[in-house]
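First comes the structure, then the notes that go with it.
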Amino acid sequence: ELQYYRRPPSTNYNTSIQSLATNTDPCFRCVEPRDKVFAQGMSLMFASIFAFIPGPIIFGALLDASCLVWNASCGNKGNCWLYHKDRFRLYMDGAAAGERIIDS
Numbered sequence: 427e428l429q430y431y432r433r434p435p436s437t438n439y440n441t442s443i444q445s446l447a448t449n450t451d452p453c454f455r456c457v458e459p460r461d462k463v464f465a466q467g468m469s470l471m472f473a474s475i476f477a478f479i480p481g482p483i484i485f486g487a488l489l490d491a492s493c494l495v496w497n498a499s500c501g502n503k504g505n506c507w508l509y510h511k512d513r514f515r516l517y518m519d520g521a522a523a524g525e526r527i528i529d530s
């Protein structure tokens, strides 16, 4: 049986925050001093467009895909009552690992 090391979810968050801090250093070194504020603004804009906006949408879709029992009222789909644990784990860990591979 294959055993693997599972990191706590906070590890992914901490490494993401640290990578944001290290990305600003090359950004500041390659622009003129008068353009540093503009370069930082553009860097944060691209991070928002490509990471912070689609991230919750993608993870929300993965959460919905691992749901077994939905609450239904008046014919509308409501909250998830029961998640498939193995599918939930695979989707969340797989998405986090895929994100780390794309980032590097």
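One rule links them: number in our numbering = place in the sequence shown (from 1) + 426. The C-beta atom is built at its ideal place from N, Cα and C for all residues, glycine as well.
When secondary structure is reduced to three states using DSSP, Val463 falls in the helix class. Residues Ala491, Ser492 of the same chain have their beta carbon placed closer than 8 angstroms to that of Arg513, with the five preceding and five following residues left out of the count.
8 angstroms or more divides the Cβ of Ser469 from the Cβ of Cys456.
Annotation for Phe485: Ala521 place their beta carbon closer than 7 angstroms to its own, counting only its chain and skipping 5 residues before and after. Your pair Tyr517 and Leu488 checks out as a contact, with CB atoms roughly 4 angstroms apart and the cut at 8 angstroms. The beta carbon of Asn497 is closer than 7 angstroms to those of Gly504, Asn505, Trp507 in its chain, skipping five residues each way along the sequence. By the criterion of a C-beta distance shorter than 6 angstroms, Lys462 is surrounded in its chain by Phe454, once the five residues flanking it on both sides are discounted.
Within the DSSP bridge table, the entry for Ala498 names Lys503 as partners.
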